[in-house]
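Residue numbers (our numbering): 25 to 154. Glycine residues also receive a C-beta, built at the ideal position from the N, C-alpha and C atoms. This structure is a prediction, so every number in the text was calculated from the model and none was measured. All remarks here apply to the structure that follows.
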(Lines of atoms letter the chains of each structure in order from A and count residues from 1; the text may use other names and numbers.)
(Lines give C-alpha, C1' and ligand atoms only; values in the text may rest on other atoms or scores of the structure.)
Protein backbone atom coordinates (compact mmCIF):
# COMPACT_ATOMS: atom_id res chain seq x y z
CA UNK A 1 0.00 0.00 0.00
CA UNK A 2 1.34 3.39 -0.97
CA UNK A 3 1.24 6.15 1.64
CA UNK A 4 1.54 9.87 1.02
CA UNK A 5 2.06 12.64 3.54
CA UNK A 6 3.35 16.17 3.76
CA UNK A 7 3.22 19.50 5.53
CA UNK A 8 1.89 22.78 4.18
CA UNK A 9 1.86 26.29 5.62
CA UNK A 10 -0.96 28.68 4.76
CA UNK A 11 -0.35 32.36 5.52
CA UNK A 12 -3.76 33.15 6.97
CA UNK A 13 -5.21 33.32 10.47
CA UNK A 14 -5.95 29.88 11.87
CA UNK A 15 -9.60 30.78 12.47
CA UNK A 16 -10.03 31.59 8.78
CA UNK A 17 -8.34 28.34 7.72
CA UNK A 18 -10.56 26.32 10.07
CA UNK A 19 -13.74 28.04 8.89
CA UNK A 20 -12.80 27.32 5.28
CA UNK A 21 -11.84 23.67 5.86
CA UNK A 22 -14.95 22.92 7.93
CA UNK A 23 -17.11 23.65 4.87
CA UNK A 24 -16.74 20.47 2.84
CA UNK A 25 -17.87 22.28 -0.31
CA UNK A 26 -14.82 24.56 -0.07
CA UNK A 27 -12.57 21.52 0.22
CA UNK A 28 -14.31 19.86 -2.73
CA UNK A 29 -13.88 22.97 -4.88
CA UNK A 30 -10.10 22.76 -4.40
CA UNK A 31 -9.90 19.04 -5.12
CA UNK A 32 -8.40 18.34 -8.58
CA UNK A 33 -10.83 16.42 -10.78
CA UNK A 34 -13.77 16.93 -8.39
CA UNK A 35 -17.11 15.96 -9.94
CA UNK A 36 -19.70 15.44 -7.22
CA UNK A 37 -20.29 15.25 -3.48
CA UNK A 38 -23.05 13.46 -1.60
CA UNK A 39 -23.58 13.78 2.15
CA UNK A 40 -24.04 10.34 3.72
CA UNK A 41 -24.23 11.44 7.35
CA UNK A 42 -22.58 13.71 9.87
CA UNK A 43 -18.90 14.03 8.91
CA UNK A 44 -19.34 11.39 6.16
CA UNK A 45 -19.47 11.98 2.39
CA UNK A 46 -19.18 10.22 -0.95
CA UNK A 47 -17.05 12.15 -3.43
CA UNK A 48 -16.46 11.39 -7.09
CA UNK A 49 -13.26 12.59 -8.76
CA UNK A 50 -11.88 12.01 -12.24
CA UNK A 51 -8.13 11.92 -12.64
CA UNK A 52 -5.93 11.41 -15.68
CA UNK A 53 -2.32 10.31 -15.84
CA UNK A 54 -1.05 10.71 -19.36
CA UNK A 55 -3.47 8.90 -21.69
CA UNK A 56 -5.08 6.95 -18.82
CA UNK A 57 -8.15 8.51 -17.23
CA UNK A 58 -10.15 7.06 -14.35
CA UNK A 59 -13.13 8.01 -12.22
CA UNK A 60 -12.93 7.25 -8.50
CA UNK A 61 -15.59 7.17 -5.81
CA UNK A 62 -14.17 8.09 -2.42
CA UNK A 63 -15.67 7.37 0.99
CA UNK A 64 -14.59 10.41 3.00
CA UNK A 65 -14.92 10.86 6.76
CA UNK A 66 -13.73 13.49 9.19
CA UNK A 67 -13.43 11.38 12.36
CA UNK A 68 -11.58 13.85 14.53
CA UNK A 69 -11.26 17.59 14.91
CA UNK A 70 -9.93 19.65 17.78
CA UNK A 71 -10.13 23.32 16.85
CA UNK A 72 -7.82 25.00 16.21
CA UNK A 73 -5.03 22.41 16.42
CA UNK A 74 -6.02 19.22 14.62
CA UNK A 75 -8.31 17.92 11.91
CA UNK A 76 -8.13 14.33 10.73
CA UNK A 77 -9.62 13.49 7.34
CA UNK A 78 -9.75 9.98 5.98
CA UNK A 79 -10.65 8.84 2.50
CA UNK A 80 -11.18 5.29 1.43
CA UNK A 81 -11.16 4.29 -2.19
CA UNK A 82 -11.90 0.74 -3.26
CA UNK A 83 -10.97 -0.06 -6.81
CA UNK A 84 -9.75 -2.85 -9.02
CA UNK A 85 -7.67 -2.76 -12.16
CA UNK A 86 -6.17 -5.47 -14.29
CA UNK A 87 -3.17 -4.25 -16.19
CA UNK A 88 -0.33 -6.04 -17.88
CA UNK A 89 2.74 -3.87 -18.04
CA UNK A 90 6.28 -4.78 -18.94
CA UNK A 91 9.54 -3.15 -19.86
CA UNK A 92 10.40 0.44 -19.07
CA UNK A 93 6.87 1.50 -18.18
CA UNK A 94 6.70 -1.13 -15.45
CA UNK A 95 9.80 0.27 -13.81
CA UNK A 96 8.50 3.85 -13.82
CA UNK A 97 4.96 3.03 -12.65
CA UNK A 98 5.58 3.64 -8.97
CA UNK A 99 7.51 6.81 -9.67
CA UNK A 100 4.68 8.07 -11.89
CA UNK A 101 2.14 7.33 -9.15
CA UNK A 102 4.16 9.34 -6.63
CA UNK A 103 4.69 12.22 -9.06
CA UNK A 104 0.98 12.34 -9.84
CA UNK A 105 0.02 12.25 -6.16
CA UNK A 106 2.48 15.06 -5.41
CA UNK A 107 1.17 17.12 -8.33
CA UNK A 108 -2.49 16.72 -7.32
CA UNK A 109 -1.75 17.39 -3.66
CA UNK A 110 0.21 20.47 -4.67
CA UNK A 111 -2.71 21.73 -6.77
CA UNK A 112 -5.07 21.23 -3.82
CA UNK A 113 -2.92 23.20 -1.40
CA UNK A 114 -2.20 25.95 -3.94
CA UNK A 115 -5.96 26.37 -4.35
CA UNK A 116 -6.41 26.58 -0.57
CA UNK A 117 -3.61 29.12 -0.30
CA UNK A 118 -5.04 31.21 -3.13
CA UNK A 119 -8.53 31.22 -1.62
CA UNK A 120 -7.45 31.88 1.96
CA UNK A 121 -4.55 34.23 1.41
CA UNK A 122 -6.48 36.27 -1.20
CA UNK A 123 -9.51 36.44 1.09
CA UNK A 124 -7.32 37.59 3.98
CA UNK A 125 -5.57 40.22 1.85
CA UNK A 126 -8.88 41.53 0.48
CA UNK A 127 -10.38 41.61 3.98
CA UNK A 128 -7.49 43.62 5.43
CA UNK A 129 -8.51 46.77 3.57
CA UNK A 130 -5.14 46.74 1.92
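CA-CA distance, residue i and residue j?
{"i": "residue 109", "j": "residue 37", "result": "Confidence at residue 109 is low in this model, with a pLDDT of 46, below 50, so the placement of that residue is unreliable and no value is reported for it."}
{"i": "residue 111", "j": "residue 55", "result": "Low confidence applies here, because residue 111 scores a pLDDT of 46, under 50, leaving its location unreliable; read the following figure in that light. Computed Cα separation, rounded: 27 Å."}
{"i": "residue 35", "j": "residue 123", "result": "31 Å"}
{"i": "residue 57", "j": "residue 71", "result": "11 Å"}
Would the C-beta of residue i count as close to the ligand FMN, meaning under 8 Å from any of its heavy atoms?
{"i": "residue 60", "result": "Ligands are entirely absent from the displayed structure, and the ligand FMN is therefore not among its contents."}
Can you say whether residue i is buried or exposed, counting buried as having 16 or more other CB atoms within 10 angstroms of its CB?
{"i": "residue 80", "result": "exposed"}
{"i": "residue 39", "result": "exposed"}
Contact between the stretch 46-55 and the stretch 30-38 is defined here as three or more beta-carbon pairs at a separation below 8 Å; is this criterion met?
no
Within the stretch 41-66, ranges of the beta strand (DSSP E) (whole runs, at least 3 residues):
Runs found: 58-65.
Check whether the stretch 137-147 and the stretch 78-91 touch, using three or more Cβ-Cβ pairs below 8 Å as the test.
no
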